[in-house]
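First residue of the sequence shown? That's 232 in this note's numbering, and the numbers climb one at a time after it.
C-beta atoms are modelled at their ideal positions from N, C-alpha and C, and glycine is treated no differently.
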Amino acid sequence: MTSTLIAKTIVLANQKGGVGKTTTAMNLAAALAFKGKKVLLVDSDPQGNASSGVGASRANGGPQLYDCFVGNETAESCLRPTGIKNLTVLPSSIDLVGVEVELISMPDREKKLRKILRPLRDRFHFILIDCPPSLGLLTINGLTAADSVLIPMQCEYFALEGLAQLIETTRKVKRTLNPGLYIEGLLLTMYDLRNRLTYQVAAEIKSHFGEQVFDTVIPRNVRLSESPSHGQTILEYDRNCPGARAYEKLGSELLRRSKQQ
Ligand SMILES: Nc1ncnc2c1ncn2[C@@H]1O[C@H](COP(=O)(O)OP(=O)(O)O)[C@@H](O)[C@H]1O
Ligand SMILES: [Mg+2]
């Protein structure tokens, strides 16, 4: 059976750093790939952690997302395989840091990433875009290129702080640049069962956002923080740890919600 693919594009965004964007981008991408979906992980953060996390670090050389933004490279020419058969990465490195400034003077500066990724949409089931911890032009490009936004949130005291601004930015992009954009869901990360505050914060987020919060929560699990230094996703590094099981569950929930199963 052949069918025409049109990738569902999901951007991982939250202007707070350290909330689990990159961890979720890599491991949700891996989980979907293990379920037989063709997945592209786009690293749109100059820190390049998603790239090195799947084994595509700067040392490997070759063109990168930066070269698509400011040069004439096609996204196609930047694609790299990973240790997982169905998972491809479009890598970045610190070079990308200059893009925020260079974009300012470009026409259609918010739509660049959408144009870069367009030729790839019929090659993947899912495209996941990892963003930097800011609401700058790279994140705006991510929101403009995506069908939906997935918001990872750490269950900590100030979790809701800044969320209103992120949602307002999402609405603004929807109004002006990307009318189809919607919130895929809020994901509770680094969930600590032994910490009462976790329950309180989770309850507060659920009371505000109800159904928009994924049923799956990602537990705090040290294996998730170890795997990137081995250039492996959690599904390669320790398939049976709680973190791996949680991301597999999230993959299933996303497929169920996306009705692509
Ligand atoms: N569920 C988790 N359990 C333990 N450590 C985690 C978990 N999720 C993320 N981390 C670690 O927390 C740090 C921040 O996560 P990261 O995904 O890089 O956040 P962001 O991309 O939002 O800045 C990283 O060192 C990562 O390995
Ligand atoms: Mg990150």
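- Judged by beta-carbon spacing, Val-444 lies within the 8 Å limit of Leu-419, meaning their Cβ atoms are closer than that value.
- The DSSP-derived three-state label of Ser-456 is helix.
- The beta carbons of Ile-241 and Ser-365 sit no closer together than 8 Å.
- In the DSSP assignment, Asp-361 is bridged to Leu-243 and Asp-274.
- Under the 8 Å Cβ criterion, the segment 447-466 counts as touching the segment 421-429, having at least three qualifying pairs.
- By the criterion of a C-beta distance shorter than 6 Å, Leu-359 is surrounded in its chain by Ile-241, Ala-256, Ala-260 and Leu-272, once the five residues flanking it on both sides are discounted.
- From the listed residues Cys-299, Asp-298 and Arg-354, the smallest Cα separation to Leu-318 is found for Arg-354.
- Annotated as proximal: Glu-307 and Pro-350, with beta-carbon spacing under 8 Å.
- Within the same chain, Met-257 and Pro-459 come within 6 Å of Gly-284 by CB-CB distance, once the 5 residues on both sides are set aside.
- Distances from the CA of Leu-296 to each of Pro-383, Gly-329 and Lys-316 were compared; the closest alpha carbon is that of Gly-329.
- If you draw a straight line from the Cα of Glu-331 to the Cα of Ala-376, it is about 16 Å long.
- Taking C-beta atoms as the reference points, Thr-313 and Gly-286 count as a pair closer than 8 Å.
- Under DSSP, Ser-379 takes part in a beta bridge, and its partners are Ile-241 and Tyr-413.
- Looking at Leu-263, Pro-294, Ser-324 and Gln-246, the one whose alpha-carbon comes closest to that of Asn-280 is Ser-324.
- Only residues of its own chain outside the window of five on either side were considered, and among them Met-384 and Val-432 have a CB closer than 6 Å to the CB of Ala-390, listed in chain order.
- In terms of side-chain proximity, the C-beta atom of Ile-325 is found no nearer than 7 Å to any non-hydrogen atom of ligand 1.
- Excluding sequence positions up to five before and after Glu-467, its CB lies within less than 6 Å of the CB of Gly-314, all in the same chain and listed in chain order.
- For the 8 Å CB-CB criterion, Thr-401 and Leu-374 form a contact.
- At a cut-off of 7 Å, the beta-carbon of Lys-247 does not count as near ligand 2: no heavy atom of the ligand is closer than that.
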